[in-house]
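Numbering (the working numbering), first residue to last: 588 to 960. For glycine and all other residues, C-beta sits at the position ideal for the given N, C-alpha and C. Quick caveat: nothing in here was measured; it's all calculated off a predicted structure.
In structure tokens form, the structure reads like this:
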């Protein structure tokens, strides 16, 4: 007897997890019992990474040691630098991270599952340098070391990208953004990572699977699409007029609604506030005002709320981050959640093998090739 479900496994409980709760009462989000609001307001991303990886918030001593460990893991292998230089300039940056992650697995293989925590921390520490090394080589005409004096992962990324010390406001926004993107239960990329992990494949294969899944425009990439939408308008009034025309054509507007949240995305208001702060600090309110008008039109016309991706777009733009790197930032953050799920899957593993409902032809008699006409 086939247990039928909605399309895309909507509403299906596919397993148990102690890592996050998403969409309780249509809007909540907690990491290991801690509210996303509390974490975004009071924690550092490194604290949240520790929480997701090790199951509890670190003490001050544990956090200091963990931060030092991550800083010590930033060095790019020379062989990886060579590969990054060989990846063409017109490659999608997500393909760069996917390839870099897979190649690192050949240089520093997981020979025993006991290595999994160290590998997770290595990828967390290395992804910013991996991305920025390729970008600097192809778009800025220089080779960078992949290391910086910044202690935080967000600050490290900005320092490598711009070749300067980021402002406190920029670092604080990146810290919050990385926290907001860190974990989201059984989303497509996380579930894909768990499916791979359930076969007892290596850690790098699970994360490479996740990156490839996140690359799809129906999962990652919405913040890039949102930026492309927002940037084309010269005023809020123009944005409203054009958006109404787009809706009349039934065009899909990225950055709104969510498969799990039904009332609101709890992360959206948090990043929206940071977009506003940065707009004021940069004395450039246009993008923010256009974004607000688009939000108002979508609420009025479609009863849709903005998700995390929508205001992340303008927040990243105000920090001088190229639009093509928006989704790779997702990877730099979500590696923490992916890793936590791989750990959890391995700790109580069973091969993930669902069944399908057959919709093909009835049994047929085989016809010899010469009798097929």
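State yes or no: is the C-beta of residue i within less than 9 Å of the C-beta of residue j?
i: residue 724; j: residue 662; result: no
i: residue 776; j: residue 809; result: no
i: residue 877; j: residue 834; result: no
i: residue 711; j: residue 922; result: yes
i: residue 696; j: residue 759; result: no
i: residue 620; j: residue 853; result: no
i: residue 787; j: residue 940; result: no
i: residue 720; j: residue 656; result: no
i: residue 707; j: residue 929; result: yes
i: residue 681; j: residue 807; result: yes
i: residue 769; j: residue 920; result: yes
i: residue 950; j: residue 683; result: no
i: residue 650; j: residue 631; result: yes
i: residue 795; j: residue 622; result: no
i: residue 741; j: residue 761; result: yes
i: residue 748; j: residue 912; result: yes
i: residue 936; j: residue 832; result: no
i: residue 685; j: residue 802; result: yes
i: residue 829; j: residue 910; result: no
i: residue 664; j: residue 694; result: yes
Under a Cβ-count criterion, where at least 16 other Cβ atoms within 10 Å of its own Cβ denotes burial, should residue i be classed as buried or exposed?
i: residue 780; result: buried
i: residue 594; result: exposed
i: residue 819; result: exposed
i: residue 773; result: buried
i: residue 867; result: exposed
i: residue 865; result: buried
i: residue 699; result: exposed
i: residue 826; result: buried
i: residue 648; result: exposed
i: residue 726; result: exposed
i: residue 731; result: buried
i: residue 904; result: buried
i: residue 942; result: exposed
i: residue 811; result: buried
i: residue 872; result: exposed
i: residue 821; result: exposed
i: residue 703; result: buried
i: residue 640; result: buried
i: residue 924; result: buried
i: residue 838; result: exposed
i: residue 713; result: buried
i: residue 946; result: exposed
i: residue 804; result: exposed
i: residue 948; result: exposed
i: residue 596; result: exposed
i: residue 960; result: exposed
For residue i, decide whether its Cβ has a neighbour in chain B, counting only Cβ atoms nearer than 9 Å.
i: residue 814; result: Any reference to chain B falls outside this structure, which holds one protein chain only.
Cutting at 6 Å between CB atoms, please list the residues of its own chain near residue i, excluding the five before and the five after it.
i: residue 589; result: In this prediction, residue 589 has a pLDDT of 46, which is less than 50 and means its spatial position is unreliable; what the coordinates show is noted afterwards. Excluding residues within five positions, the ones whose Cβ falls inside 6 Å are 944.
i: residue 728; result: none
i: residue 692; result: 791
i: residue 743; result: 715, 735 and 737
i: residue 956; result: none
i: residue 844; result: 891
i: residue 625; result: none
i: residue 709; result: 660
Beta-carbon within less than 7 Å of residue i's beta-carbon, same chain only, minus the 5 sequence neighbours each way: which residues are those?
i: residue 757; result: 745 and 906
i: residue 813; result: 841, 842, 896, 897 and 900
i: residue 653; result: 633, 637 and 645
i: residue 782; result: 939
i: residue 869; result: 905
i: residue 627; result: 763, 766, 767 and 857
i: residue 642; result: 619
My guess is that residue i and residue j are in contact by the Cβ rule of under 8 Å, so how many angstroms apart are they, rounded?
i: residue 964; j: residue 601; result: Shown here, the chain extends from 588 to 960; a query on residue 964 therefore has no answer.
i: residue 881; j: residue 764; result: Actually they are not in contact, since the Cβ atoms of residue 881 and residue 764 sit about 20 Å apart, beyond 8 Å.
i: residue 902; j: residue 862; result: 4 Å
i: residue 635; j: residue 618; result: 7 Å
Give every residue of the same chain whose Cβ lies closer than 8 Å to the Cβ of residue i, excluding the five residues on either side of it in the sequence, and list them in chain order.
i: residue 604; result: 772, 773, 928 and 931
i: residue 953; result: none
i: residue 879; result: 823
i: residue 580; result: No statement about residue 580 is possible, as the shown extent of the chain runs from 588 to 960 and does not include it.
i: residue 886; result: 892
Quiz prompt | Entirely enclosed alpha helix (DSSP H) segments - the segment 917-951, minimum 4 residues | solution = Within the segment 917-951, no complete alpha helix (DSSP H) run reaches 4 residues.
Quiz item: In the segment 639-708, which residue ranges form an unbroken alpha helix (DSSP H) of at least 4 residues, counting only runs that do not cross its ends?
Solution: If we require 4 residues or more, the alpha helix (DSSP H) runs fully inside the segment 639-708 come out as 647-659, 665-673 and 680-694.
Quiz prompt | Contiguous alpha helix (DSSP H) assignments of at least 4 residues, all confined to the segment 724-764 | solution = The segment 724-764 is shown to contain whole alpha helix (DSSP H) runs of 4 or more residues at 740-749, in chain order.
Quiz prompt | alpha helix (DSSP H) runs wholly inside the segment 784-812, at least 4 long, in chain order | solution = Taking only runs of at least 4 residues, the alpha helix (DSSP H) segments lying wholly in the segment 784-812 are 790-801.
Quiz item: Enumerated in chain order, which unbroken segments of the alpha helix (DSSP H) with a length of 4 residues or greater are wholly contained in the segment 890-915?
Solution: Note on the segment 890-915: whole alpha helix (DSSP H) runs with a minimum of 4 residues are 895-905, in chain order.
Exercise. Would you mind listing the beta strand (DSSP E) stretches within the segment 601-640 that are 3+ residues and don't spill past its ends, in chain order?
Key: Segments of the beta strand (DSSP E) lying fully in the segment 601-640: 607-609 and 616-618.
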